[in-house]
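Okay, so here's the structure we're looking at.
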Amino acid sequence: MKEPLLFLYKHIKPYKWWYVLILQAPFLTGFFPVFNNYSFKLVIDAFTKDVPNNRQIIYAIIMFFGAQISLDLLWRISNFAERKCEPFVRRNIILDVYNYVQNHHYFYFQNTQTGSVVSKVKGILGGYDSIFSTLHHKLGCYFFWTLFPIIGLFFVNYIIGIVVLIWAILFVLIIYPVIKKLNHFSNIEGDEKHLLFGMISDNVTNIFTLFAFAKRTREIKNLEHKIENGFVKAQIKTYKYDMKFNIIACLLYYPMLIFVFLFMLHCKIKGIITAGDFVFILSTFSMTICHNLWQFVSNMADFMKEIGDFKSSFSIMQVKQDVIDKKDARDLVI
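Written as C-alpha cells, this is what we have:
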C-alpha cells in the first residue's frame with residue numbers, strides 16, 4: 015500500500031495546511047461528549063443537594079452551550095478548508111492518472127477491456143473521496159470521540175477508567191484480524207467489479223455489432239456466468255466476514271456493559287460516587303464510548319474495504335510504461 019499512499023500524499027502535500035484545518039475538527043470535537051455529559055452530572059449533583067448550588071448550575075449551562083457552539087464553529091472551519099483545497103486535489107488526481115494511463119504500451123490497451131480501464135480510473139478518484147471522507151467524518155471522529163471520554167472517566171473514577179481503557183484496546187486488537195481479512199476479500203471483490211464493468215462497457219461500445227449479428231443472448235449469458243462465478247462469490251465471502259466481525263463485537267460488548275453497570279451500582283450503594291457520577295459514567299460508557307467504539311471498528315471495516323477497492327483501482331498506475339514521450343520533446347511538424 016506504500017505507493018498508493020505516496021500517490022495521495024503527493025497531491026495533498028501542496029495543500030497540507032488546509033488539510034490540518036480540515037482534520038482539526040474530528041480531533042478537537044472529541045472533547046464535546048465529555049463536556050456535554052459532565053454538564054449533566056453537575057446539574058444532577060446540584061439538584062440532589064438539600065440546597066441547590068446555583069453557581070454550579072450556571073457553570074453547567076455555560077459548559078453545555080459552550081461545547082455546542084465550539085462543535086459547530088470547529089466544523090464550519092473544517093468545511094471552509096475543504097472548499098479551499100479538495101476540488102483542486104481532485105483535479106490534479108484526475109489529470110495525473112489520465113496522463114499516466116495514456117502513456118501505457120498499446121499492448122496493454124489491446125489486452126485490457128476499455129471499460130475496465132475507465133472503471134479503474136474512476137475508482138482512483140472515488141477511492142480518494144471514500145478514504146478521506148471516512149478518515150475525516152467517520153474514523154477520525156469516532157476515534158477521538160472514544161478516546162477523550164475514556165480519559166474523562168479517569169477524573170471521576172480511575173478504576174473504571176483503567177478497566178474501560180484496557181477493554182477498548184483488547185476490543186480493537188481482537189477485532190483487527192477480522193478487519194484485515196475483510197480488506198483482502200474486498201480487494202478481490204474490487205478486481206471482479208472492474209472486470210464486470212469492463213465487459214458491460216465493451217458490450218455497450220459494440221452495441222451495433224450485437225444488433226447486426228444477433229449476439230445479445232450469448233452476451234447476457236456470458237455476463238451472467240461472470241457475475242455468478244466471480245462477483246457474487248467474492249461478495250458472499252466479504253459479507254461472511256462482515257457478519258463474523260459483528261458477532262465477535264457483540265460478544266465483547268455485553269459482558270463489559272454488565273460489569274460497568276454492576277460496579278457503578280456497588281459504588282453508589284457504598285457512597286463512593288454521587289448520583290451525578292453514576293449517570294455520567296453510565297451514559298459516557300454505554301451511550302458514548304460503546305457506541306463510538308462500535309462505530310469506529312465498523313468504519314474501520316468499511317475503511318479497509320475502501321482501501322482494498324482503491325488498491326485494486328490503483329493497479330492501473332503500477333503498469334510498466336514502455337512508450338513515454340521524451341521530456342521537453344519538440345512538436346512534430348509535418
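Each residue of the sequence shown is one higher than the last, beginning at 15 in my numbering.
The beta carbon of each residue, even a glycine, is placed where N, CA and C say it ideally should be.
- Counting of Cβ neighbours within 10 angstroms places Val311 among the buried residues, the total reaching 16 or more.
- Between the region 144 to 160 and the region 268 to 287 there are fewer than three C-beta pairs closer than 8 Å, too few to call the two in contact.
- Within the same chain, and ignoring the five residues on either side of Val48 in sequence, the residues whose Cβ sits closer than 8 Å to its Cβ are Phe162, Pro163, Ile165, Gly166 and Thr298.
- The DSSP-derived three-state label of Gln116 is coil.
- Taking C-alpha positions only, Met318 is separated from Asn201 by approximately 9 Å.
- By the C-beta density criterion, Leu87 is exposed, having fewer than 16 other C-beta atoms within 10 angstroms.
- For Gly44, the three-state secondary structure derived from DSSP is helix.
- DSSP, read as helix, strand or coil, puts Ile174 in helix.
- With a beta-carbon spacing of about 5 Å, Leu196 and Ala315 fall inside the 8 Å limit used to define contacts.
- A direct Cα-to-Cα measurement between Phe78 and Ala95 gives close to 26 Å.
- In the structure shown, Gly137 adopts helical secondary structure according to DSSP, grouped into three states.
- Here Asn236 is exposed, its C-beta having fewer than 16 other C-beta atoms within 10 Å.
- Counting the other Cβ atoms within 10 Å of the Cβ of Ser53 gives 16 or more, which makes it buried.
- Here the alpha carbon of Tyr268 sits roughly 47 Å from the alpha carbon of Val111.
- Per the C-alpha coordinates, the member of Ser326, Cys264, Asn313 and Ala182 positioned closest to Phe146 is Asn313.
- Here Gly204 really is in contact with Ser327; their C-beta atoms are around 7 Å apart, less than 8 Å.
- Counting only the Cα atoms, Leu153 lies some 19 Å from Cys264.
- When the five nearest sequence neighbours on each side are left out, the beta carbons in the same chain lying within less than 8 Å of the beta carbon of Ala289 are those of Ile58, Asp59, Thr62 and Lys282, in order along the chain.
- Between the region 92 to 106 and the region 30 to 39 there are three or more C-beta pairs closer than 8 Å, enough to call the two in contact.
- The three-state secondary structure of Val333, taken from DSSP, is coil.
- Closest in alpha carbon position to Lys334, among Asn106, Lys27, His118 and Lys55, is His118.
- Under the three-state reduction of DSSP, Ile241 is assigned to helix.
- If you draw a straight line from the Cα of Ile262 to the Cα of Leu307, it is about 14 Å long.
- Between Lys240 and Phe275, the alpha-carbon positions lie close to 52 Å from each other.
- Only exposed fits Glu238, as fewer than 16 other CB atoms lie within 10 angstroms of its CB.
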